[in-house]
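S.K.: The structure under discussion is supplied below as structure tokens; questions concerning it will follow.
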């Protein structure tokens with residue numbers, strides 16, 4: 436019962452460095468997404484995917500890239516880290532890709548990655 | 002625009018009822034959700050309500066929906082210290098996104 440697995444749990448980067456946050460799910464979910472959580476701002480959607488080979492932008496996509504080569508994996512890439520990207524990042528998946536379906540909003544979350552950019 | 006608003010903090014005494022409020026903007030949202038986040042963890046789905054319902058009860062949780070005012074609330078009866086957490090409401094948009102509010106931190110005092 437792994438669910439959604441995120442790695443690493445903690446990461447410190449220097450400004451300008453690049454890195455990839457990993458996310459994998461074993462529930463055969465079509466929908467996967469990345470959120471960032473900042474104090475007082477709740478969760479903001481970065482990118483999402485409705486299936487392998489299909490990705491789209493969320494509310495705050497700048498500075499981040501994603502790809503979806505398999506159903507299971509949805510990595511998030513920081514191209515050139517900036518202090519404004521210091522945040523807690525969550526990957527989440529859902530069975531349904533249809534926004535009007537009950538199961539669409541039933542997201543399963545990973546435990547998060549705490550990222551600090553100095 | 003796409004916006005979900007919540008108050009940031011609520012403090013109650015153990016045994017009292019807690020009411021967490023949320024306003025949303027997309028009147029076409031089909032389902033609305035409540036999530037709970039405990040310290041150091043990801044979010045977990047607590048409950049949800051279909052947009053054609055006014056109320057849903059699930060043990061100590063009661064969800065009320067006022068579609069006219071686009072207002073959603075979560076009532077927790079007999080609040081316990083284990084209920085201390087951040088609570089998020091969320092709505093689905095026709096654009097295929099799930100949008101969260103800022104989260105309400107619930108503090109339960111013994």
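Residue numbers (my numbering), protein chains in the order written: chain A, 436 to 553; chain B, 2 to 111.
No residue lacks a Cβ here, since even glycine has one placed at the ideal position from N, Cα and C.
(1) According to DSSP, simplified to helix, strand and coil, what is residue 38 of chain B?
(2) Under 7 angstroms, CB to CB, which of the residues in the region 85-99 of chain B have a partner in chain A?
(3) Taking contact to mean at least 3 C-beta pairs separated by less than 8 angstroms, is the region 87-104 of chain B in contact with the region 21-31 of chain B?
(4) By DSSP, does residue 520 of chain A sit in helix, in strand, or in coil?
(5) Considering only DSSP beta bridges, list what residue 459 of chain A is partnered with.
(6) Using a Cβ-Cβ cut-off of 8 angstroms, state whether residue 2 of chain B counts as contacting chain A.
(7) Step through the CB atoms of chain B and report whether any lies within less than 8 angstroms of the CB of residue 483 of chain A.
(8) By Cβ distance, which residues of its chain are closer than 6 angstroms to residue 523 of chain A, with the 5 residues on each side in sequence left out?
(9) So, does the CB of residue 540 of chain A fall closer than 8 angstroms to a CB anywhere in chain B?
(10) So what's residue 118 of chain B in DSSP terms, helix, strand or just coil?
(11) For residue 62 of chain B, list the residues DSSP reports as bridge partners.
(12) Would you say residue 34 of chain B lies against chain A (beta-carbon separation less than 8 angstroms)?
(13) Which same chain residues end up closer than 7 angstroms to residue 20 of chain B when comparing Cβ atoms and leaving out the 5 residues on each side of it in sequence?
(14) Give me the chain B residues within the contact set of residue 546 of chain A, using Cβ-Cβ distance strictly less than 7 angstroms, ordered along the chain.
(15) Thinking just about the alpha-carbon of each residue, which of B:44, B:39, B:48 is nearest to the one in residue 85 of chain B?
(16) Whole angstroms are fine: how far does the CA of residue 470 of chain A sit from the CA of residue 484 of chain A?
(17) Please compile the residues from chain B whose C-beta is within a distance smaller than 8 angstroms of the C-beta of residue 493 of chain A.
M.R.: Taking the coordinates as given:
(1) Three-state DSSP puts residue 38 of chain B in a strand.
(2) 89, 91, 93, 94, 95, 97, 98, 99
(3) With the cut-off at 8 angstroms, the region 87-104 of chain B and the region 21-31 of chain B touch.
(4) Note: residue 520 of chain A maps to helix in three-state DSSP.
(5) A:440, A:508
(6) Note that residue 2 of chain B scores 49 on pLDDT, short of 50, meaning its location in the model is unreliable and no value can be drawn from it.
(7) yes
(8) 472, 547, 549
(9) yes
(10) Any question about residue 118 of chain B goes unanswered here, given that chain B covers just 2 to 111.
(11) B:59, B:77
(12) yes
(13) 74, 76
(14) 42, 43
(15) Answer by Cα proximity: B:39.
(16) 12 angstroms
(17) 98
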